[in-house]
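Number of protein chains: 2
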Amino acid sequence: MKRIVTHFTLTIVLVGLSFNISAQSASWSEVAPGVWKTVAGNPDKLDLFNTAGILPAVDALSKMGSEKFPFSENDIVTNVTNGKTYLRFPLVKDEQIFGFGLNFKTVQQRGKILQLHVDHYGGTDNGRTHAPVPFYVSDKGYGVFINSSRYLTVYAGTAVRKDSPDAPEPLDRNTDKKWSSQPYSDAVEILVPASGVEIYIFAGPTALDAVRRYNLYSGGGCLPPRWGLGFTQRVPTLYTSKQVEEEAKLFSEKGFPLDFIGLEPGWQSKSYPCTFEWDKSRYPDPPAFVRTMKNMGIRLNLWTNPYVSPVSSMYSKMLPYTGSHTVWGGVVPDLTIPQAQNIILEQIDMDQVSIGISGYKIDECDGYDRWLWPDVAMFPSGNCAEQLRQTYGLLLQKMTTELYHKKNIRTYGLVRASNGGGASFPYVIYNDYYSHEDFITALINSGFSGVLWTPEVRGSKTSEEWLRRIQTVIFSPMAMINAWSSGTKPWSFPDVEKEVKEYALLRMQLIPYIYSEFAKYHFEGTPPFRGMNLEAGFDASAKMVLKNDNLNENPYAEAVLKEIKDQYMTGEYLLVAPVFTGQTSRKVVLPKGKWYDFYTGKFAGEGEVISVTPGLGKIPVYVKDGGIIPMMKPVLQAPASGEKSDLEIRYYGNKPGEYKLYDDDGETFDYEKGIYSWRVIRVAPDKKGKYTGTISKAEKGKPDNVGVVTWKFMSLE
Amino acid sequence: MKRIVTHFTLTIVLVGLSFNISAQSASWSEVAPGVWKTVAGNPDKLDLFNTAGILPAVDALSKMGSEKFPFSENDIVTNVTNGKTYLRFPLVKDEQIFGFGLNFKTVQQRGKILQLHVDHYGGTDNGRTHAPVPFYVSDKGYGVFINSSRYLTVYAGTAVRKDSPDAPEPLDRNTDKKWSSQPYSDAVEILVPASGVEIYIFAGPTALDAVRRYNLYSGGGCLPPRWGLGFTQRVPTLYTSKQVEEEAKLFSEKGFPLDFIGLEPGWQSKSYPCTFEWDKSRYPDPPAFVRTMKNMGIRLNLWTNPYVSPVSSMYSKMLPYTGSHTVWGGVVPDLTIPQAQNIILEQIDMDQVSIGISGYKIDECDGYDRWLWPDVAMFPSGNCAEQLRQTYGLLLQKMTTELYHKKNIRTYGLVRASNGGGASFPYVIYNDYYSHEDFITALINSGFSGVLWTPEVRGSKTSEEWLRRIQTVIFSPMAMINAWSSGTKPWSFPDVEKEVKEYALLRMQLIPYIYSEFAKYHFEGTPPFRGMNLEAGFDASAKMVLKNDNLNENPYAEAVLKEIKDQYMTGEYLLVAPVFTGQTSRKVVLPKGKWYDFYTGKFAGEGEVISVTPGLGKIPVYVKDGGIIPMMKPVLQAPASGEKSDLEIRYYGNKPGEYKLYDDDGETFDYEKGIYSWRVIRVAPDKKGKYTGTISKAEKGKPDNVGVVTWKFMSLE
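In order, the protein sequences belong to chains A and B. In terms of the working numbering, the first sequence is residues 126 to 842. In terms of the working numbering, the second sequence is residues 126 to 842.
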């Protein structure tokens, strides 16, 4: 696939620094089919797209074809005044918008005020989150991206202008019951605290298409190694190599799948701040340990945070490239300086990657004001603390991704911060917030913003909670237990051990499907996990509901949005409807068309709200009419490169169906050279009404890992 | 009293715009005894002190005498880089700092990160509050004020610099139990998002002295009219003049004190946005109504917010001076433009003030992002939205204060936003948050920041809560029931009606004391309501306590400060220890020296923590040894100008005591011309050990409102 490097050769168009209030209308250039850019004022040198080093997937964008610019002239207003840039984008009545990064409590964003600020998530959707991506998508079928490394203040349809033609009539609160504290607003308005910014518009025609264009422009979504989709366990922080080996054996003996193990801070000789070096008392012979684990088929992932301990061997080399402030006494590398990146990369390559470490979990790069460098910190590059904060996660992902890319080895890791342009990095975001319900809303929101999110399982108060969490994490980008502090194992709750194993194995069975969906993320920009609002036929209507009718307690009679934020799509066909602790039944909103129970193939409903009582042992999952789900055997580890897997191809409903199954070596970047195959699976009735399935052959010389194929017509039998 | 007008003739010293990281050391000039100023970079034209139009009380400051600059050279670092100003002030070990405005949950501020931002209070002490005053005071005896109209980001002893000599040794979290997520920090660091700022330092020697200097430099604290210290009731929003009259009669008949009544939005013909005009259906004859009420001895206070309705008679005049965005469809006057102020002042003068309205309650000038003008709004003055937000409350207070001042009539009102420099404005802050406990912490914090706060009473779930709230509001700057929505009356809970009346009358009895304490606020800068941390002999030691020892729930092992934030001083002698709903007993921390029960005069303890079980009918109040409390009779209205009041002077303990009793006409600004008197009350034992009290005579030709004096030796009998 050919790509173009546009962002290192940006021609900065000075729209001009204006000190009056008059609005400037932007001039747009189409930088790829259905993607337009404009430049207001004089943007910062450091922005999100150039930090991420995006390589737009131009061929894929071209395949999507051209669309007309979704706005008319003068619809978008930019204004650079006194060192700040003011932006305005129109909204029409009933338009809904989604995105602005990894929010945890709400899906629809119209009516929100956010300050996009990379941060740990503190329990409120206020813009401070691990990936506050300045991208939103409209149900009218377009997306808007603000390419800024600043803290952006976003009024997503809340502010009302004096000159707005849609401004509502003022009402008299004394006497008019219809008075509202939140009158109708017709615009998204954004304050960029810099004297200029680049803006991108992504065409539809659907909201999903706009997301796809955004992801493709960012380089396409990441394609993890196949083993990355297997099960992973993160072990307690002070484990020794011997304990890790024993734990891996136990998984195997007990028949629980396991593809990679994460080592937490204790693998390092010192942590918080970090040495980036093995602790020789707990890990006396790292190369031998990595080999032993590899022989068991288990890869290793290493936790780190980016703050360098004074006792690290790289400390003195790093010191000149660090910021004015420390984090836990560690220095903060100015990662916008290549030398700072290289000092870390040399250390981790020499010490870890070269002996076979498969990837990293990069912690604390999101920060939390209580311990991160402050906004008053200074960095030797001259980039300010705010810009470093907004881009640190991107920088860490990019540099480590490139290290593995150079070795032609795929990696798949965890990161706690990302931002716009990061879709191609093979990293999954996680955090400490641990609300199961909100974790699912985050999973939905990740799909609007070109990031991946795992609702990781740590501990649980009850076996019910444990199983409910396991049931959802297996329908996520990374099927993980993080036992760094809790020490839990999949079998920690014996009364649900059987069900946990069943779901862990279901995850393994689904790998051909999930892997194909990730390939679509990469090649077509379609997020593998995404909200219902991107699904055709889903009724997203949501209601504003008064918070509380006691004026003493709710003096402005504020209303909040009631919306669907607890069900999502996994890939093309699966609708997942999690059940949370304490629930025995739930409602599921089925989009238009027929839907079938994943487990039984039975008809579940069509374009309606159903109520289900699945029992503790089941998470409700539904398949779209005509859905085809290729599944492999419940193996304990993902197939290695070239290893053939037998397939059970399940077919649901009775509408003729088609599915594109992806295959490659699963481990290298050879797919970038075209060494991959798409096979078309089709199920349709013959003239006599008998359904049969076909699967196309792999292209000659292309990867072919499909063994024996069996067919299962779930709804016909 | 002579004052100097410094702030309209500021010489702006350009320290120079620097684009490197090197720190600039500031050069300080002493602008008043014990008050120093420096200028970093090129400050904004609009700042807090010039917005408030402060007139420093130079004579009073001179009386306090000179002190040495509390820091040594180079201790304070300022740095202007890329349009932002970075400030650093030192902290020493165990130093505690207080202030940063009206916080609700914490008193000590070291360890906090705040973005000072005028806003409604949202339940978290994050800097967003009604009066986020950029002033802090140290227990080492100095204060620091940042004279900026911007959103300041404050790291109050949280960030750690690489080059700090006090930087703690990094610890290894893997193995060291002493590892902390919050290492020791030796500085307050502040980010000013502007290319310069003025900074002031206020000397001690005590923290209270630093507060006094700050208040005096701001012009001295406000002196309310005497009637403002009486009881006030705010009536339901749609009350008519007839209903208001009836309510006033009911107070009188039932023997409840009442000095002024507040009319809520319904007095206006339309509200939210406002017309600033009487509703003629509810108030057919405003002048007659005001006269009738005045004849009953009742003044009237009018609610408004500053957003102008299109149907207001001043709308078209105001339109050219309004911002780009509306609030509830009302236009937003750019109050930094004199014409905009004058249009409002003319309207309210003509329509309301000239007929005898005593003051205003200015609502919604703090804002709440959901409905206020956004930060992208533009204003015709060229001042930006952020600056208007930070100063709007100050501007509204200043313009209305001046209107009354010109008429030589004192006013006393309510406002929902203030900021630095506002101490002289006769306005009390209130809000909708309504946590009784946190209201008391706010009362404590108001004393550090030159603002007044009332823990107003609205509704209550139980009679217990009702009485507990009444018991504290009477020990506050404004003894108020706000029944705008609840319709409550003092007697709404019949089972505690007797106790409510007793406390309402106690408030009246205390007026000579509270009025004198306000005079000390004005003439000496001493806040009438203030935290224990400003009291000599108070042990402010507080402990950091682990939030939660489960690492899954508290992954950074964060600690929080346990401190005393539920007791406070009312004036020189009274220690008030509120009891909250659900409590039957509480601990009271008595500072060094002896303390006596206010009600009985009995010895309560000395320099110790006592536990008390006061019963529902009592709020624990203690008097310092030698305390003198001048009290008047339990009248229903504050004495009018020239009206004599008999005094019962209570004396507590057995240490010789002295008290300065203030007197003036209670209604005009003639005190500014020296027309006031201080009388000295002394109690001491004679040679035989018999205690007697004396009160000095009023100076000739000066106000003398003291009638018959009786003495009550509370602890001797």
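We put the beta carbon where it would ideally sit given N, CA and C, even for glycine. Keep in mind that this is a model prediction, so the values were computed, not measured.
Could you give the residue range of the alpha helix (DSSP H) that holds residue i?
i         : result
Asp-184/A : 183–189
Arg-416/B : 411–420
Gln-512/A : 510–531
Ala-319/A : No alpha helix (DSSP H) holds Ala-319/A; DSSP gives it neither H nor E.
Ala-373/A : 366–379
For a quick check, are the C-beta atoms of residue i and residue j less than 8 Å apart?
i         : j         : result
Phe-223/B : Phe-573/B : yes
Pro-411/B : Ile-480/B : yes
Phe-356/B : Asp-384/B : yes
Cys-490/B : Pro-431/B : yes
Leu-592/B : Glu-624/B : yes
Glu-683/A : Val-232/A : no
Val-748/A : Arg-711/A : no
Arg-583/B : Ala-604/B : no
Gly-546/A : Ser-343/A : yes
Pro-350/B : Glu-792/B : yes
What residues are listed by DSSP as bridge partners for residue i?
i         : result
Val-670/A : Val-685/A
Val-714/A : Val-734/A
Gly-387/A : Arg-359/A and Asn-426/A
Ser-240/A : With the sequence shown as reference, residue 240/A is identified as Gln, and Ser is not the correct amino acid for it. The partner list for Gln-240/A (beta bridge, DSSP) reads Thr-278/A.
Asp-722/B : Tyr-747/B
Val-285/A : Thr-451/B
Under the rule that 16 or more other beta-carbon atoms within 10 Å means buried, what is residue i, buried or exposed?
i         : result
Leu-227/B : buried
Glu-660/B : buried
Gln-515/B : buried
Pro-409/A : exposed
Ser-147/A : Residue placement at Ser-147/A is flagged as unreliable, the pLDDT there being 45, under the threshold of 50; a coordinate-derived value is accordingly withheld.
Ala-465/B : buried
Phe-401/B : buried
Gln-368/A : exposed
Asp-722/A : buried
Glu-198/A : exposed
Arg-416/A : exposed
Met-418/B : buried
Asp-169/B : buried
Met-756/B : buried
Met-475/B : exposed
Ser-666/A : exposed
Please list the terminal residues of the continuous beta strand (DSSP E) segment that includes residue i.
i         : result
Ser-585/A : Looking at the DSSP string, Ser-585/A is not in any beta strand (DSSP E), and its letter there is neither H nor E.
Gln-221/A : Here Gln-221/A belongs to no beta strand (DSSP E), and DSSP marks it neither H nor E.
Thr-835/A : 831–838
Val-553/A : 552–554
Indicate, with yes or no, if the ligand ATP has a heavy atom lying under 7 Å from the CB of residue i.
i         : result
Leu-519/B : Inclusion of the ligand ATP in the displayed structure is not the case, the ligand content being empty and no account of it being possible.
Got a sec: is the Cβ-Cβ distance from residue i to anything in chain D below 8 Å?
i         : result
Ile-238/B : The structure shown contains no chain D; the protein chains it does contain are A and B.
Quiz item: Does the region 756–775 of chain B come within contact of the region 646–655 of chain B, defined as at least 3 CB pairs closer than 8 Å?
Solution: The region 756–775 of chain B vs the region 646–655 of chain B: no contact.
Practice problem: Decide yes or no for the touch test of the region 749–759 of chain A against the region 780–798 of chain A: beta carbon pairs closer than 8 Å, at least 3 of them. | Solution: yes
Exercise. Take every Cβ of the region 722–738 of chain A, pair it with every Cβ of the region 671–680 of chain A, and state whether three or more of those distances are shorter than 8 Å.
Key: no
Exercise. State whether the region 550–560 of chain B contacts the region 634–646 of chain B, with contact taken as three or more CB pairs (one from each stretch) at a distance under 8 Å.
Key: no
Quiz item: Are three or more beta carbon pairs between the region 285–304 of chain A and the region 183–194 of chain A nearer than 8 Å?
Solution: No, the region 285–304 of chain A is not in contact with the region 183–194 of chain A.
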